[in-house]
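With the first letter of the sequence shown counted as 1, position 43 gets the number 43 in full-length UniProt numbering; the numbers rise by one all the way through. Note that the Cβ used here is the ideal one computed from N, Cα and C, for glycine as well. These numbers come from a predicted model, not from an experiment. Here the structure is laid out as structure tokens; the discussion comes afterwards.
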Amino acid sequence: MAKKFDLKLKGYVGGYDFDSNYVEYILEKSESKEVNVLIDSLGGSVASAFSICEAFRRHGNVKVHYVGMNASAATIASLGAKHISIATSGMYLVHKCSTVIAKWASLNADQLRQLIEEYDKQKKDMEKIDLNIAAMYADKCKKDKQALLDLMKVGGWLTAQEALDWGFVDEICDLPGDVTPKVTAQVIEDLSEAGIPLPFSVQERNDSRVDKIFSLFASFFRSNTQHQQSSVTMNKKFQSIIGCLEIEAIEESDGKFHLSADLMQKLDSHLQEMDSKIKELKETISQKDSELEALRKKPADETKHVVDDNSAEKDKSPFESYVENVRQAKDLFNQIP
1 MAKKFDLKLK
11 GYVGGYDFDS
21 NYVEYILEKS
31 ESKEVNVLID
41 SLGGSVASAF
51 SICEAFRRHG
61 NVKVHYVGMN
71 ASAATIASLG
81 AKHISIATSG
91 MYLVHKCSTV
101 IAKWASLNAD
111 QLRQLIEEYD
121 KQKKDMEKID
131 LNIAAMYADK
141 CKKDKQALLD
151 LMKVGGWLTA
161 QEALDWGFVD
171 EICDLPGDVT
181 PKVTAQVIED
191 LSEAGIPLPF
201 SVQERNDSRV
211 DKIFSLFASF
221 FRSNTQHQQS
231 SVTMNKKFQS
241 IIGCLEIEAI
251 EESDGKFHLS
261 ADLMQKLDSH
271 LQEMDSKIKE
281 LKETISQKDS
291 ELEALRKKPA
301 DETKHVVDDN
311 SAEKDKSPFE
321 SYVENVRQAK
331 DLFNQIP
């Protein structure tokens with residue numbers, strides 16, 4: 001019979017199933033008794049992990065048991081527990097904090113300097129967070145803080161025994177209901193989005209489809225000494241597209257061209273604008289053709305005006321001016337790529 005847990009914290013730290021407010025609610029209800037917590041998570045919000053860690057510490061009688069693959073913020077959350085155990089098949093990972101950087105803009109020198117200053121401030125904030133986390137790990141492991149920082153920099157997966165040797169957990173034990181972690185397609189996606197390396201000692205795979213995905217992604221998520229860089233070049237062909245997008249070149253890899261979502265949107269907007277202009281010009285030409293045909297069928301106006309062929313400048317008749325305008329409109333249309 002599987003052990004009964006008071007809390008099962010799974011998924012994204014800070015999500016609905018790993019929420020600090022719910023954790024505090026359960027702890028307050030169980031203020032005078034032992035609380036058993038199951039954790040199975042690849043990480044998430046560091047802020048939520050800090051809150052849960054301190055909630056465990058304030059309660060004073062929380063026991064955490066790790067199963068599956070646990071990383072990042074999920075390892076921080078347990079540091080306030082009285083006792084931490086891990087399943088034999090469990091895996092454990094600590095790493096330096098990271099953040100998403102997504103900036104697409106055309107900047108002048110002043111704006112670029114300002115952006116660099118903003119990122120430099122963000123970098124310094126992250127370094128402080130890393131130092132704080134390393135100190136928390138060091139306190140739990142009874143080791144030097146620099147040793148923990150070095151381990152966080154590597155960011156590799158630890159087996160249950162390695163996690164015990166480091167001092168992250170107090171015990172390795174298998175409880176009824178513990179299962180070996182599986183590398184599913186969803187797990188691979190979650191790991192890649194968080195920048196976490198795939199483990200290479202996982203014993204069980206979900207299906208043959210996962211094996212193919214695993215082999216495809218493995219080269220991208222090895223340790224820093226095993227990175228394999230794909231061949232990426234910047235292609236300066238297709239000048240019309242490059243000019244339209246206002247970029248220097250298009251990224252090319254293995255014969256395929258890559259455009260960001262923003263660039264695709266910009267290209268789509270440009271094509272829509274060109275389609276609109278073409279339609280407008282077609283309508284103008286059609287209207288001019290109809291008017292020209294009507295003028296051809298209409299009797300010519302009588303005039304007593306005498307044209308001086310020797311004059312330096314000749315006045316064009318309304319009909320000639322109209323024909324000239326139509327010709328110019330057609331030339332303009334033909335210039336559209």
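Of the other Cβ atoms in all chains shown, 16 or more fall within 10 Å of the Cβ of residue 66; this residue is therefore buried.
C-alpha of residue 280 to C-alpha of residue 321: approximately 21 Å in a straight line. With 16 or more neighbouring CB atoms inside 10 Å of its own CB, residue 157 falls in the buried class. Boundaries of the beta strand (DSSP E) harbouring residue 44: 35–44, taken from the DSSP string. Counting along the chain, residue 128 sits inside no beta strand (DSSP E); it lies in the alpha helix (DSSP H) bounded by residues 109–141. When DSSP states are grouped into helix, strand and coil, residue 257 belongs to the strand group. Checking the DSSP bridge columns, you'll see residue 158 partnered with 92. Between the stretch 127–137 and the stretch 103–110, the count of Cβ pairs shorter than 8 Å is below three; the stretches do not touch.
Going by C-alpha positions, residue 50 is about 14 Å away from residue 140.
Membership of residue 241 in the alpha helix (DSSP H) is indicated by the continuous run 239–245.
Leaving aside the five residues that flank residue 138 on each side, the residues in its chain whose CB is nearer than 6 Å to its CB run, in chain order, 145, 148. By the criterion of a C-beta distance shorter than 7 Å, residue 174 is surrounded in its chain by 87, 88, once the five residues flanking it on both sides are discounted. Each residue's CA atom was taken as its position, placing residue 82 and residue 62 some 5 Å apart.
A contact is defined here as three or more CB-CB pairs under 8 Å, and the stretch 8–26 meets this definition with respect to the stretch 36–56.
One thing to note: residue 55 has its Cβ no nearer than 8 Å to the Cβ of residue 94.
In the three-state scheme derived from DSSP, where H, G and I count as helix and E and B as strand, residue 171 is classed as strand. Using a C-beta cut-off of 8 Å, the stretch 259–266 makes contact with the stretch 237–250, since at least three inter-stretch Cβ pairs fall below that distance.
Boundaries of the alpha helix (DSSP H) harbouring residue 74: 73–77, taken from the DSSP string. Assignment of beta-bridge partners to residue 270 by DSSP yields no partner. Comparing alpha carbon positions, the residue from 85, 126, 121 closest to residue 99 is 126.
Beyond the five residues adjoining it in sequence on each side, residue 258 comes within less than 6 Å, by CB distance, of 251 in the same chain, given in chain order. For residue 66, there is no enclosing alpha helix (DSSP H); the residue is found in the beta strand (DSSP E) stretching over 62–66. In this structure, the CA atom of residue 286 is about 32 Å from the CA atom of residue 239.
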